[in-house]
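Undergrad: In the working numbering, the protein residues as written are 10 to 345. Ideal placement from N, C-alpha and C gives every residue a C-beta, glycine not left out.
1) Would residue 213 and residue 167 be called neighbours here (beta carbons separated by less than 7 Å)?
2) In terms of residue numbering, what span does the alpha helix (DSSP H) encompassing residue 171 cover?
3) Kindly list the residues whose CB is nearer than 6 Å to the CB of residue 197, restricted to its own chain and excluding five residues on each side of it in sequence; keep chain order.
4) Expressed to the nearest angstrom, what Euclidean distance is found between the alpha-carbon atoms of residue 203 and residue 154?
5) So residue 278 and residue 314 are supposed to be a Cβ contact under 8 Å. How far apart are they, rounded?
6) If you run the structure through DSSP and keep just helix, strand and coil, what is residue 255?
7) For a test of the three-state rule: what should DSSP assign to residue 134, helix, strand or coil?
8) Hey, could you find the ends of the alpha helix (DSSP H) residue 277 is sitting in?
9) Any contact of the segment 262-270 with the segment 223-239, i.e. 3+ C-beta pairs under 8 Å?
10) If we count the other Cβ atoms within 10 Å of its Cβ and call it buried at 16 or more, is residue 116 buried or exposed?
11) What three-state label does DSSP hand residue 321 in the structure shown?
12) Is residue 173 near residue 149, with beta carbons less than 7 Å apart?
13) For residue 176 versus residue 135, is the C-beta spacing smaller than 7 Å?
14) Can you list, in chain order, the residues of its chain whose CB lies under 6 Å from that of residue 128, leaving out five sequence neighbours each side?
15) Drop a sphere of 10 angstroms on the beta-carbon of residue 331, count the other beta-carbons inside from all chains shown, and report buried for 16 or more, exposed for fewer.
Right, here's the structure in full:
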């Protein structure tokens with residue numbers, strides 16, 4: 010594969026694939042994406058320039074290779090969906106979409122709520138059982154779910170967030186209840202396999218989109234009800250990518266507290282944006298030395314990478330608590 014071909018990735022790669030499979034097939038894929046994802050892929054499709062036939066063939070061939078071991082008919086359907094969406098959207102984004110697609114086979118209710126404004130969604134679900142509310146919020150985008158939470162009464166918010174954190178799978182019976190609540194037709198026949206939903210990570214994503222006061226209230230409530238769960242959610246709310254939220258001055262302050270060796274190991278598993286952010290706040294010479302260390306360092310165990318990243322996050326958290334740096338809503342004073 011040429012360097013030019015390899016440069017097509019992310020939304021552009023999905024756009025090339027969708028443009029190559031024809032309008033009807035592309036529409037069938039797009040209907041499973043949420044409004045923001047449709048907008049992102051649509052922009053990528055509109056903005057594609059100078060895609061050679063060789064590049065297009067490479068993308069299509071890559072998709073074909075990903076699904077040759079399964080069939081789109083019968084028992085291989087879910088594996089097919091997973092492989093195609095991972096190829097199109099990447100592992101992280103695909104996991105979110107996969108859960109919504111597989112849920113959509115049994116329930117149309119949540120899909121309709123994803124296109125409604127937050128206040129309307131809250132009005133639909135506010136009087137329902139907390140478990141139903143938790144399922145609904147789990148399948149909304151985290152920022153959408155956060156907006157819905159703002160319109161729910163305080164006690165309902167706390168109960169719903171706790172249930173989301175503990176939610177691991179949704180049984181078909183729950184999907185049937187959900188459809189009844191949303192006045193949709195009952196779920197069509199399914200294999201009765203639980204669908205992944207909720208969990209600490211979903212809870213953390215939702216809380217990350219809430220204002221400081223509401224986030225603090227819910228986080229304290231979770232910790233009071235289940236200290237172990239609270240600690241897990243808290244850890245997931247603060248991930249390595251959050252370093253992107255630190256301004257340049259704060260990043261320079263953080264880097265003074267981190268050893269080069271720890272930084273090199275941490276960056277082995279970091280997003281390119283995080284690496285660029287760090288390099289931007291180093292001297293040219295220091296940056297060159299860091300990149301040289303990264304390139305010459307051999308394979309590193311994932312556990313070591315995660316340990317190094319956690320060490321840096323611990324330092325960042327301490328500096329934020331001390332008011333030395335600001336990370337999103339953490340640290341510093343509120344300005345009005």
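TA: Let me spell this out:
1) Your numbering for residue 213 matches position 204 in the chain shown. Your numbering for residue 167 matches position 158 in the chain shown. Not in contact: residue 213 and residue 167 (Cβ atoms no closer than 7 Å).
2) As a working mapping, residue 171 is identified with position 162 in the chain shown. It spans 163-175 - the alpha helix (DSSP H) in which residue 171 sits, taken as one unbroken run.
3) Here residue 197 corresponds to residue number 188 of the chain shown, with the count starting at 1. Low confidence applies to residue 197: its pLDDT is 34, below 50, so where it sits in the model is not reliable, and the reading given next is rough at best. Nothing listed; no residue qualifies.
4) Here residue 203 refers to the residue found at position 194 when the chain shown is read from its first residue. Here residue 154 refers to the residue found at position 145 when the chain shown is read from its first residue. Caution applies to residue 203, whose pLDDT of 44 falls short of 50 and renders its modelled position unreliable; the value that the coordinates give is listed next. Whole-angstrom Cα-Cα distance: 22 Å.
5) Looking up residue 278 in the chain shown gives position 269. Looking up residue 314 in the chain shown gives position 305. That pair is a contact at about 4 Å.
6) Here residue 255 corresponds to residue number 246 of the chain shown, with the count starting at 1. Coil, per DSSP.
7) Numbered from 1 along the chain shown, position 125 holds the residue referred to as residue 134. If DSSP states are grouped into helix, strand and coil, residue 134 belongs with the helices.
8) Position 268 of the chain shown, counted from the start, is the residue given in the question as residue 277. Unbroken run through residue 277: none, as it is neither H nor E.
9) no
10) One-based indexing of the chain shown puts residue 116 at position 107. Low confidence applies to residue 116: its pLDDT is 49, below 50, so where it sits in the model is not reliable, and the reading given next is rough at best. So residue 116 ends up on the buried side.
11) As a working note, residue 321 is residue 312 in the chain shown. Residue 321: helix per DSSP, three-state reduction.
12) In the chain shown, the residue the question calls residue 173 occupies position 164. In the chain shown, the residue the question calls residue 149 occupies position 140. No; because the gap between Cβ atoms is not below 7 Å, this pair is not in contact.
13) Working through the chain shown from its first residue, we reach residue 176 at position 167. Working through the chain shown from its first residue, we reach residue 135 at position 126. Cβ distance not < 7 Å, so residue 176 and residue 135 don't count as in contact.
14) Locating residue 128 in the chain shown gives position 119, where the first residue counts as 1. Around residue 128: 160.
15) Residue mapping note: residue 331 aligns to position 322 of the chain shown, counting from 1. Residue 331 is exposed by the Cβ-count criterion.
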